[in-house]
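Trainee: Pasting a structure here, questions to come.
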Amino acid sequence: MAPHGFPRPDAPLEDRPRRHVVVVADRFRRFARGEQVFTVSGLLALLATPGAEEAACHWVIHPGQGVDATDGDLLEAAGEKSEIAVCLAGLEAFRQAPEPPSVVHKQRAENVLLADVHSPAATHCQAALRIHRDNELILDHHTGEHVQGIVIVEAMRQICIAQFETAVRPGLGPAAYAGVWKRIDLSFQDFLFPLPATVESRIEESDFARESHLKFRATTAVRQQGCTVATAVIEYSMIAQGRIDALERRKADQATRACLG
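Note that this note's numbering gives residue 446 to position 50 of the sequence shown, counting from 1, and the numbers run on in steps of one.
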């Protein structure tokens, strides 16, 4: 058994140096190099058969991207059996659930990129970036250790939708809405890595003249460890579902006729 079972990060232990590490999903194995970052499977293997050097430390495990409550439970159980003194740095972080898919207009939970959506002000929305290990956008990526830019673009789309659904939509009528993007002016300032990050949106302008066709201009940003990774100015509309269905059907028919000559 690990000394003192599975203690909290602030629980007293005999004099052992603390070793803080991050655990990420196996999907991000290229980012995990065994010193400060481990995959879930790699860390479980180490807990099962630690060396003397590892057992001499008190390990504090921080969640990176792609891990969830199941991984937290596995690590907790492995820690209880390990010779290593180990604890999870905030079990609630491992158990942080993504937003319901409907909040970001998705159908599958693994494709939701946001958790803890909240609005510090009427026009300001923030959320934690939460990348599931089976998210559709990361299943086929091979260019290094960073998270690809398309994830950032989708996170920005989702924060705009989430802001509408949580802060704007409750004050409107019963109609459902769909998002239609007009323009995205996007700038990348840095790489995004599979570590904790935040996403935010600020509505700069809005037009509510027609409730069936609401217009917005928002500034969005993705930040990691206090640094801005990317920013974008996005112009988009939220259109009543019945209206957009009719418009899309008409344009789909026009496109088909044009294709067939």
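Virtual Cβ for every residue (Gly too), placed ideally from N, Cα, C.
Near residue 504, what residues of its chain come up, given a Cβ to Cβ distance below 6 Å and the 5 sequence neighbours on each side ignored?
Mentor: Locating residue 504 in the sequence shown gives position 108, counting from the first residue. Within the same chain, residue 504 has no close Cβ partners at all.
Trainee: Go ahead and pull the three-state DSSP assignment for residue 654.
Mentor: If you number the sequence shown from 1, residue 654 lands on position 258. DSSP places residue 654 in helix when its eight states are reduced to three.
Trainee: One question on the structure: do residue 435 and residue 420 come within less than 8 Å of each other, judged by their Cβ atoms?
Mentor: Here residue 435 corresponds to residue number 39 of the sequence shown, with the count starting at 1. Here residue 420 corresponds to residue number 24 of the sequence shown, with the count starting at 1. For residue 435 and residue 420, yes; Cβs fall inside 8 Å.
Trainee: Which same chain residues, not among the five before or five after residue 599, have their C-beta less than 6 Å away from its C-beta?
Mentor: Your numbering for residue 599 matches position 203 in the sequence shown. Excluding sequence neighbours, residue 599 sits near 519, 612 and 614.
Trainee: Are residue 562 and residue 633 closer than 8 Å when you measure CB to CB?
Mentor: The residue labelled residue 562 in the question sits at position 166 within the sequence shown. The residue labelled residue 633 in the question sits at position 237 within the sequence shown. No, these two residues do not count as a Cβ contact at 8 Å.
Trainee: When you compare only the Cα positions, how much space is there between residue 607 and residue 566?
Mentor: Taking the sequence shown and counting its residues from 1, one reaches residue 607 at position 211. Taking the sequence shown and counting its residues from 1, one reaches residue 566 at position 170. In a straight line, the C-alpha of residue 607 is about 13 Å away from that of residue 566.
Trainee: Taking DSSP as the reference, what is the three-state secondary structure of residue 508?
Mentor: Residue mapping note: residue 508 aligns to position 112 of the sequence shown, counting from 1. Coil.
Trainee: Pull up the distance between the alpha-carbon of residue 480 and that of residue 526, whole angstroms please.
Mentor: Your numbering for residue 480 matches position 84 in the sequence shown. Your numbering for residue 526 matches position 130 in the sequence shown. Roughly 28 Å separates the two Cα atoms.
Trainee: Can you give me the C-alpha to C-alpha distance between residue 649 and residue 655, rounded to a whole angstrom?
Mentor: Counted from its first residue, the sequence shown places residue 649 at position 253. Counted from its first residue, the sequence shown places residue 655 at position 259. If I take the Cα positions, the gap works out to 10 Å.
Trainee: Below 8 Å, can you find three or more Cβ-Cβ pairs linking the stretch 571 to 591 to the stretch 535 to 553?
Mentor: Cβ pair count under 8 Å is three or more, so yes.
Trainee: So what's residue 487 in DSSP terms, helix, strand or just coil?
Mentor: Position 91 of the sequence shown, counted from the start, is the residue given in the question as residue 487. Here residue 487 sits in helix by DSSP.
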